[in-house]
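In the working numbering, the protein residues as written are 1413 to 2152. Take a look at the structure set out below.
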């Protein structure tokens, strides 16, 4: 009975692995459902399946009376790599981040161990390959639809590159290069013309979608591994039969087909394939961003060379190590990773962790290469060569990316390692087909010797595991719900529905106390609504979890300003300026100094912002006019009339269609009590922005300063017509009516 139950568990495990391979790339949260990350369901699904698989494996072993395990050459490298990441918890400053990353590695490692243990025969491997390539066919077909502009989902990526159901072009490209070499080899090894046509169509779908991602590292990696694949196949054939003429002809026809697809992509695509490929080693914005993140990772590694900072902590540790220039291109708030798996491993786990990962990859290469060159069966050689080349292409793409840390990339990386290990330990078929392309069906490994099982122990274990799976699954679902609440909060904040944004942010934090973006959103709600105590609490909690979370210093400074706690506010803005040293941070610092009546320091900060603007740095994301306007306001407060007006004129030339320079000019004249000139500037601002209430409000203040109450009332009413319910304008209107 124990053996029968173990068999049922084994079948359930096989179904779970197949579901992981099929559904992980496909799942996402379709709009209009709110979510911060539409692909987060992949993470939840993968985590839930791993929990269930772990429980089933434990029950299978209990039913069999022994640990169900098949040894492979990769067992120790995988185990020690995961163990070292767990040990890094001892020196990590951010336990929650390290535990999250270790959980991802442990889940992937479990998936790896299950495959050679439960996929021992060719029919089982064939089912796994079917699930893998069924998912690839669906995602690639959707990618082709996206390429031609027929996407019914708004991914909000701001890009026209193909993302399929993975939500990110780089992740999709990594997924494709992992599978295309294996698809090519299945095409070459297919015995029937019909199957070859089907494999050719699938390879063509994947290849065309890969072109549509415009991911240069993936293109280059695929090109290199295709050459390696040819070498492996030729060397492997050298010890056996010669390739048949029909195989050579089929390969040539496939090459022509892929060239035709390349021409179609070049003709119909939104970008030039040639220019995109040529830009790989050029200085463009994307490469600049990556190089700055790489330097930050190297700087962290130099500071912690042996042990690293702890698994999963790059996001928290990186900001002080970033070149301030990164902030000047407006991208530093999104440095969630090092844009290189190699460098991120080095930064987070040091020499030891990087060495263990390298050992894992080298053992995998040796194992797969040996099968590709020496296996007696043609199919095993094809599988091993395809998996080896796919993993190498994936790792090559990860030299400039971190797809390994996201659910589909992680699941498939470990799945492919498990597939290679399964081929390595699979017993050869007793009677290969004459064509040596397909093993005989129905071959099963001899069963392990019968051992006694303890039914009572198995029942107790089942109850305990059910509780563990339920608790873990609940936590994963709560994180998904927290993500959805965060997405709703951000949407409400953008629409200025502050009450709803407040409630959604609170729910997101309750569901996941480590949802950093929820604290940031709640802090922004506090700043925008004038609830500065709420903003202070949110940003202080955020900084306790991630001291350099993007713009948290600035948000905390705004909260302290609103509370009139000027020393703390200036300290926060100064920390922000030290971290970024960008025009944006310096302008915020200058305004804070001005609010605290420290005008000389305000002028120095504003002049530094202008200096950066005037250097003409490439990709500066700040409109230069804003720097001049800030300096103009400070110079006006210092009664430097001519210099202030010169800055305003510069801003007008830089932003001729913006009302802001005219509003600032009007404020300057109003401060100098030159009301006629102030009204002239405000009227010009109103002409440029007829739907903005601000010019009307400022005109009302100017009329009120002159005692022209009827005109002030008219201006305030015009402002309220554009923005009903504004408390400041309503109060000023009441004051004007009282004076009338």
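C-beta: ideal position from N, C-alpha, C; glycine also.
For residue i, collect the residues of the same chain with a Cβ closer than 7 Å to its Cβ; drop the 5 residues on either side in sequence, then sort them by chain order.
i, result
"residue 1735", "1704 and 1707"
"residue 1854", "Annotation note: pLDDT 36 at residue 1854 (below 50); position unreliable, coordinate value reported separately. So no residue of the chain qualifies."
"residue 1464", "1428 and 1881"
"residue 1821", "1583, 1586, 1587 and 1815"
"residue 2058", "none"
"residue 1484", "1528, 1833, 1836 and 1837"
"residue 1885", "1460 and 1463"
Is it the case that the Cβ atoms of residue i and residue j are separated by a distance below 8 Å?
i, j, result
"residue 1968", "residue 1955", "yes"
"residue 1837", "residue 1482", "yes"
"residue 2116", "residue 2148", "yes"
"residue 1491", "residue 1827", "no"
"residue 1577", "residue 1437", "yes"
"residue 2143", "residue 2114", "no"
"residue 1939", "residue 1986", "no"
"residue 1728", "residue 1814", "no"
"residue 1575", "residue 1559", "no"
"residue 2111", "residue 2091", "yes"
"residue 1723", "residue 1500", "yes"
"residue 1898", "residue 1922", "no"
"residue 1475", "residue 1417", "yes"
"residue 2045", "residue 2076", "yes"
"residue 1666", "residue 1615", "yes"
"residue 2047", "residue 2056", "yes"
I need the boundaries of the alpha helix (DSSP H) containing residue i, first residue and last residue.
i, result
"residue 2115", "2106-2118"
"residue 1524", "1507-1530"
"residue 1941", "1928-1941"
"residue 1580", "No alpha helix (DSSP H) contains residue 1580, which DSSP labels as neither H nor E."
"residue 1608", "1605-1625"
"residue 1355", "Nothing about residue 1355 can be reported from this structure: the residues present for the chain run from 1413 to 2152 only."
"residue 1922", "1910-1923"
"residue 1544", "1534-1559"
"residue 1481", "Unbroken run through residue 1481: none, as it is neither H nor E."
"residue 1659", "1657-1680"
"residue 1684", "Note, residue 1684: premise wrong, no alpha helix (DSSP H); not H, not E."
"residue 2153", "Because residue 2153 is not part of the residues shown, which for the chain are 1413 to 2152, the question remains open."
"residue 1726", "1726-1729"
"residue 1780", "1753-1786"
"residue 2135", "No alpha helix (DSSP H) holds residue 2135; DSSP gives it neither H nor E."
"residue 2062", "2053-2066"
Whole angstroms are fine: how far does the CA of residue j sit from the CA of residue i?
i, j, result
"residue 1928", "residue 1764", "30 Å"
"residue 1900", "residue 1913", "7 Å"
"residue 1546", "residue 1990", "51 Å"
"residue 2133", "residue 2141", "11 Å"
"residue 1842", "residue 1529", "For residue 1842, the pLDDT reaches just 40, beneath the cut-off of 50, and the residue's location in the model is therefore unreliable, although a value from the coordinates is still provided. Cα to Cα, residue 1842 sits roughly 20 Å from residue 1529."
"residue 1833", "residue 1785", "15 Å"
"residue 2011", "residue 2042", "12 Å"
"residue 2089", "residue 2109", "16 Å"
"residue 1811", "residue 1767", "16 Å"
"residue 1452", "residue 1892", "7 Å"
"residue 1943", "residue 1592", "54 Å"
"residue 2063", "residue 1772", "58 Å"
"residue 2158", "residue 1521", "Here the chain covers residues 1413 to 2152 and nothing more, so residue 2158 does not appear."
"residue 1799", "residue 1818", "20 Å"
"residue 1958", "residue 2119", "52 Å"
"residue 2061", "residue 1720", "51 Å"
"residue 2085", "residue 1919", "49 Å"
"residue 1825", "residue 1510", "20 Å"
"residue 1659", "residue 1519", "39 Å"
"residue 1639", "residue 1797", "12 Å"
"residue 2104", "residue 2002", "26 Å"
"residue 1712", "residue 1964", "21 Å"
Leaving out five residues on either side along the sequence, give the residues of the same chain with a beta carbon under 6 Å from the beta carbon of residue i.
i, result
"residue 1804", "1637"
"residue 1998", "1989, 2017, 2020 and 2021"
"residue 1424", "1468"
"residue 1730", "1708 and 1747"
Between which residues of its own chain and residue i is the CB-CB distance below 8 Å, once the five residues before and five after are set aside?
i, result
"residue 1427", "none"
"residue 2139", "none"
"residue 1702", "1751, 1752 and 1812"
"residue 1515", "1459"
Does the distance between the C-beta of residue i and the nearest non-hydrogen atom of the ligand GDP fall short of 7 Å?
i, result
"residue 1729", "The ligand GDP is not part of this structure, which contains no ligands at all."
Please confirm if residue i has its CB atom under 8 Å from at least one CB of chain B.
i, result
"residue 1564", "Here there is only one protein chain, and chain B is not present."
Note to self: Which complete alpha helix (DSSP H) runs does the stretch 1940-2025 hold, if anything under 4 residues is left out?
What the structure shows: 1944-1957, 1964-1974, 1978-1992 and 1995-2007
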